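Engineer:
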Amino acid sequence: MEKPEERTERLHKIRHSTAHVMAEAVRELFPGTRIAIGPAIEEGFYYDFQLPQPLKTEDLPRIEERMKGIIAEERPFQKRVVGREEARELFREEPYKLELIRDLPEGEEISLYSQGGFTDLCRGPHVASTRELPADAFKLLSIAGAYWRGDEHNQMLTRIYGTAWQSPRELADYLRKLEEIEKRDHRRLGRELDLFSTHEEAGAGLIYWHPKGARIRAIVEEYWRRKHFANGYEVVNTPHIGKSWLWETSGHLGFYAQNMYAPLSIDKADYYLKPMNCPFHILIYKSAVRSYRDLPLRWAELGTVYRYERSGVLHGLLRVRGFTQDDAHIFCTPEQIEEEILGVLRFSLDIWKDFGFKDVRAYLATQPASGAVGEPARWAQATESLRKAIEKEKLEYTLDEGGGAFYGPKIDLKIKDSLGREWQMTTIQFDFNMSERFQMTFAASDGSLQRPYMVHRALLGSLERFFGVLVEHYGGAFPLWLAPVQVTAIPVAPAFNEHAKAVVAALKALDLRAEADLSEQRMNAKIRAAQEQKVPYMLILGEKEKTAGTLSVRSRSGEQFAAESVAKFAAMVHDRVKKLE
RNA sequence: GCCGGAUUAGCUCAGUGGUAGAGCGGCUCACUCGUAAUGAGCAGGUCGUGGGUUCGACUCCCACUUCCGGCUCCA
4 MEKPEERTER
14 LHKIRHSTAH
24 VMAEAVRELF
34 PGTRIAIGPA
44 IEEGFYYDFQ
54 LPQPLKTEDL
64 PRIEERMKGI
74 IAEERPFQKR
84 VVGREEAREL
94 FREEPYKLEL
104 IRDLPEGEEI
114 SLYSQGGFTD
124 LCRGPHVAST
134 RELPADAFKL
144 LSIAGAYWRG
154 DEHNQMLTRI
164 YGTAWQSPRE
174 LADYLRKLEE
184 IEKRDHRRLG
194 RELDLFSTHE
204 EAGAGLIYWH
214 PKGARIRAIV
224 EEYWRRKHFA
234 NGYEVVNTPH
244 IGKSWLWETS
254 GHLGFYAQNM
264 YAPLSIDKAD
274 YYLKPMNCPF
284 HILIYKSAVR
294 SYRDLPLRWA
304 ELGTVYRYER
314 SGVLHGLLRV
324 RGFTQDDAHI
334 FCTPEQIEEE
344 ILGVLRFSLD
354 IWKDFGFKDV
364 RAYLATQPAS
374 GAVGEPARWA
384 QATESLRKAI
394 EKEKLEYTLD
404 EGGGAFYGPK
414 IDLKIKDSLG
424 REWQMTTIQF
434 DFNMSERFQM
444 TFAASDGSLQ
454 RPYMVHRALL
464 GSLERFFGVL
474 VEHYGGAFPL
484 WLAPVQVTAI
494 PVAPAFNEHA
504 KAVVAALKAL
514 DLRAEADLSE
524 QRMNAKIRAA
534 QEQKVPYMLI
544 LGEKEKTAGT
554 LSVRSRSGEQ
564 FAAESVAKFA
574 AMVHDRVKKL
584 E
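Counting with this note's numbering, you get residues 4 to 584 for the letters of the first sequence.
(1) Using the DSSP secondary-structure output, state which residues sit across from SER145 in a beta bridge.
(2) Only counting runs of 3 or more residues, tell me where the beta strand (DSSP E) segments fall wholly within the stretch 492 to 565, in order along the chain.
(3) Using a 10 Å radius around the Cβ and a threshold of 16 neighbouring Cβ atoms, would you call GLY47 buried or exposed?
(4) Does the Cβ-Cβ distance between ARG460 and VAL347 come in under 8 Å?
(5) Between the Cα of TRP151 and those of ARG229, SER145, GLY41, spot the shortest distance and give me the residue it belongs to.
(6) Please return the same chain residues whose Cβ sits closer than 7 Å to the Cβ of LEU345, not counting the five positions on each side in sequence.
(7) Count the other C-beta atoms from every protein chain shown that fall within 10 angstroms of the C-beta of LEU452, then say buried if there are 16 or more, exposed otherwise.
(8) Throw me the rounded Cβ distance for the LYS2 and TYR477 pair, which I believe falls under 8 Å.
(9) What are the residues that DSSP puts in a beta bridge with LEU14?
(10) DSSP three-state label for ARG293, please.
(11) What's the C-alpha gap between HIS332 and PRO412?
(12) So what does PHE326 bridge to, in DSSP terms?
(13) Take the Cβ of SER145 as the centre, count every other Cβ of all protein chains shown within 10 Å, and call the residue buried at 16 or more, exposed below.
(14) Nearest by alpha-carbon distance to ALA498: which of ALA447, GLU96, GLU523 is it?
(15) For a test of the three-state rule: what should DSSP assign to GLU96, helix, strand or coil?
(16) Within the stretch 11 to 94, note down every full alpha helix (DSSP H) run reaching 4 residues or more, in order along the chain.
(17) Counting Cβ pairs closer than 8 Å, one from the stretch 467 to 484 and one from the stretch 309 to 324, do we hit at least three?
(18) Is ALA503 closer than 8 Å to LEU510 when the C-beta atoms are compared?
(19) Would you identify the three-state DSSP class for ASP403, choosing helix, strand or coil?
(20) Would you kindly report the start and end of the unbroken beta strand (DSSP E) that includes GLU600?
(21) Is DSSP giving GLU584 helix, strand or coil here?
(22) Would you grab the beta carbon distance between ARG559 and ALA480 for me? Rounded to a whole angstrom, and I think it's under 8 Å.
(23) Under 8 Å by Cβ, that's how I've got PRO278 and HIS255 pegged, so tell me the actual separation to the nearest angstrom.
(24) Could you pull the DSSP bridge partners for SER170 from this structure?
(25) On the three-pair Cβ rule with 8 Å, is the stretch 130 to 143 touching the stretch 102 to 112?
(26) What are the uninterrupted segments assigned as beta strand (DSSP E) that are 3 or more residues long and contained completely in the stretch 195 to 251, given in chain order?
(27) Any idea what DSSP makes of GLY471, helix, strand or coil?
(28) Specify the secondary structure class of TYR410 as computed by DSSP and reduced to three states.
(29) Do LEU544 and PHE572 have their beta-carbon atoms positioned less than 8 Å apart in this structure?
(30) Which residue marks the beginning of the alpha helix (DSSP H) containing THR386, and which one marks its end?
(31) Taking the alpha-carbon of TRP168 as reference, which of ALA138, GLN158, MET25, GLU183 has the nearest alpha-carbon?
(32) What are the complete alpha helix (DSSP H) segments, minimum 4 residues, inside the stretch 92 to 137?
(33) Using a 10 Å radius around the Cβ and a threshold of 16 neighbouring Cβ atoms, would you call LEU124 buried or exposed?
(34) Which two residues bound the contiguous alpha helix (DSSP H) that contains GLU439?
(35) Tell me which same chain residues have a C-beta within less than 6 Å of the C-beta of LEU267, skipping the five on either side of it?
(36) In its own chain, which residues sit with a C-beta less than 7 Å from the C-beta of HIS202, not counting the 5 before and 5 after it?
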């Protein structure tokens, strides 16, 4: 039995080698093609080309065919180490390769891999022969543009993405997973379940929450507030716009202007739509003299911000131009930060558990090499408090050395959804910049004025993105406590419409989210409709139920059971909701 | 913003230089029904927007909007 690491390594080799084969095929089919780079990636591989003509999706099968031909020739992959000069000579017509050679550090081995007629500058490793590449277990998936070396100032190349596996069966499994991802796409479910919409005529990247989506949001917000109060936070509310003074002081007009919208002119003053909430919270802080006895202050706000995002990056609910952050700022003394950070981290993990996300990874980003503001001692203490908190919670984490913002170190949390995809949600950031710029102080026990520590944190991130991830995580089948409609009453025939209405009214009075399907369809069609809407419970109501006052319950998983009464059923639902099921 | 693709009925999509189609959904009627689609009929589109070519444009060309897959960036 193959060990997981061996399997990963083997797949890596297969994918990387398949990328080489693809490059050969492309160069053969499109003479004049220049090749750039072609690595193996998470679930496949890609190769970047400069092509003499635009590529079409219809070209992919042709390339695949040629690849199969190459694989069938059973060519060995041969490694050869060459000198810099020889490498330059060999790739004299490949500008991208020449650039790579130029940038290889002196003394580094320059190796080439060939499979027959195609030679690539490559570190390897590769499979021994194309015989090891399963010709029926790879597939070219898509064409995309990609900047050379990921820099938008560089030439745009054509990237072909593909996937490769050890067997056709694995490939089929993977393709099935892609289909599943497509079915769960929050944009698709958003329409099918009537959760939200966007409107091109009214502006891209702006979300319209429909009643069902807004219902879920209301539940989330309610939960969020309750949790925050329980965790020692207070809630604040602040405006959507502020005068330029505010943004000049905060520095946003200096370092964040490219993400901000043009100002509105009001009474000859410039007002900006807020891209962040922090300056507003700071004004509340500064509205009184603060003592060390007041700290820590934890102020949270569901603050709606607007940020300019380049048109090409907008994506459903996941990347938008107007969104509501579940923001909070913590102002505390140096002695308090360790406990505060640990508190935030625990709070966040607690919330993820409640929403059904068990797998969380942390990313610790430290002081950037240059341009950082704030005293080194503060950076050290802050970073240490972040690290300690992660370690105390025994979280797996990745260190991002120098990856922090110029104003402070941070922890980001990424959660894994039910399909194993990672999403960046929580962020916990120190801010040494704002407290300085706004001259924030508190009176210490010795009477001196000190600078408080300021921590900015968003747990869910933004309600829009969180909702998008939630939809995909559950595939639209929200747990009972979040389901916008918990119960659909289905009369077996129109004669029982009145009874269905009465049952729904009773359920609503008991604080359940219930609806009756009184449409002209037959019962079976209504059941199907409720199933497709992923309603947790259906109540089938006919003569029996009407006379006995009982309920015939069908859950969306297909099981059926009886409830003695509306009250008993409601109690059962409440019980489950309380457990966040 | 950049590269490529797309933009036709509420949704999913077919069509192609000569008067615009299907399925689902909607509406109407009939059926009065017991755990995933009852049947029939009707309505619905200045073919994303603005220009151009043409006797004639949904179809060809240009610009723009929005969307999709990426790149870059990020909650």
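C-beta: ideal position from N, C-alpha, C; glycine also.
Since the structure is predicted, the reported quantities are computational estimates derived from the model, not experimental observations.
Structural biologist: In terms of the structure at hand:
(1) Position 142 of the first sequence, counting from 1, holds the residue named residue 145. Partner(s): TYR164.
(2) Qualifying beta strand (DSSP E) stretches, in chain order: 517 to 519, 540 to 544, 554 to 558.
(3) Your numbering for residue 47 matches position 44 in the first sequence. With 16 or more other Cβ atoms within 10 Å, it is buried.
(4) Taking the first residue of the first sequence as 1, we reach residue 460 at position 457. Taking the first residue of the first sequence as 1, we reach residue 347 at position 344. Yes, the Cβ-Cβ distance between ARG460 and VAL347 is below 8 Å.
(5) As a first step, residue 151 is located in the first sequence; it is residue number 148 there, counting from the start. Its Cα nearest to that of TRP151, the residue GLY41 stands out among ARG229, SER145, GLY41.
(6) What you label residue 345 is simply residue 342 of the first sequence in a count that begins at 1. Around LEU345: ALA392, LYS395.
(7) Position 449 of the first sequence, counted from the first residue, corresponds to residue 452. Exposed.
(8) Summary: the structure shown does not reach residue 2, with the chain confined to residues 4 through 584, and so no result is reported for it.
(9) Position 11 of the first sequence holds residue 14. None, per the DSSP bridge assignment.
(10) As a working note, residue 293 is residue 290 in the first sequence. Coil.
(11) Residue mapping note: residue 332 aligns to position 329 of the first sequence, counting from 1. Residue mapping note: residue 412 aligns to position 409 of the first sequence, counting from 1. Take the alpha-carbon of HIS332 and the one of PRO412: they are about 15 Å apart.
(12) Here residue 326 is taken as the residue at index 323 of the first sequence, counted from 1. Looking at the DSSP assignment, PHE326 forms a beta bridge with VAL308.
(13) Indexing the first sequence from 1 puts residue 145 at position 142. It is exposed - the Cβ of SER145 has fewer than 16 other Cβ atoms within 10 Å.
(14) As a first step, residue 498 is located in the first sequence; it is residue number 495 there, counting from the start. It is GLU523.
(15) In the first sequence, residue 96 corresponds to position 93, counting from 1. Correct three-state label for GLU96: coil.
(16) 62 to 75, 87 to 93
(17) yes
(18) Numbered from its first residue, the first sequence carries residue 510 at position 507. Numbered from its first residue, the first sequence carries residue 503 at position 500. Not in contact: LEU510 and ALA503 (Cβ atoms no closer than 8 Å).
(19) By 1-based counting over the first sequence, the position of residue 403 is 400. In this structure, ASP403 counts as strand in the three-state DSSP scheme.
(20) Coverage of the chain is limited to positions 4 through 584, which leaves residue 600 absent and any answer about it impossible.
(21) One-based indexing of the first sequence puts residue 584 at position 581. Three-state DSSP puts GLU584 in coil, outside helix and strand.
(22) Stepping through the first sequence from its first residue, residue 559 is reached at position 556. Stepping through the first sequence from its first residue, residue 480 is reached at position 477. Sure, about 7 Å apart at Cβ, within 8 Å.
(23) Taking the first sequence and counting its residues from 1, one reaches residue 278 at position 275. Taking the first sequence and counting its residues from 1, one reaches residue 255 at position 252. That belief holds up - the Cβ atoms of PRO278 and HIS255 are roughly 7 Å apart, short of 8 Å.
(24) The residue you call residue 170 lines up with position 167 of the first sequence. DSSP lists no partner for SER170.
(25) no
(26) 199 to 202, 206 to 212, 244 to 246
(27) By one-based count along the first sequence, residue 471 stands at place 468. GLY471 falls in the helix class under three-state DSSP.
(28) Against the first sequence, residue 410 aligns to sequence position 407. TYR410: coil per DSSP, three-state reduction.
(29) Translated into the one-based positions of the first sequence, residue 572 becomes position 569. Translated into the one-based positions of the first sequence, residue 544 becomes position 541. No, these two residues do not count as a Cβ contact at 8 Å.
(30) Here residue 386 corresponds to residue number 383 of the first sequence, with the count starting at 1. Counting along the chain, the alpha helix (DSSP H) containing THR386 begins and ends at 379 to 395.
(31) On the first sequence, position 165 is the one that residue 168 refers to. It is ALA138.
(32) The stretch 92 to 137 contains these whole alpha helix (DSSP H) runs: 98 to 106.
(33) For this step, residue 124 is matched to residue 121 along the first sequence. Its Cβ being crowded by 16 or more others within 10 Å, LEU124 is buried.
(34) Taking the first residue of the first sequence as 1, we reach residue 439 at position 436. Element bounds for GLU439: 435 to 440.
(35) The residue labelled residue 267 in the question sits at position 264 within the first sequence. Exclusion of the five residues before and after LEU267 leaves TYR274 as the residues of its chain whose Cβ lies within less than 6 Å of its Cβ.
(36) By one-based count along the first sequence, residue 202 stands at place 199. The answer, listed in chain order, is TYR211.
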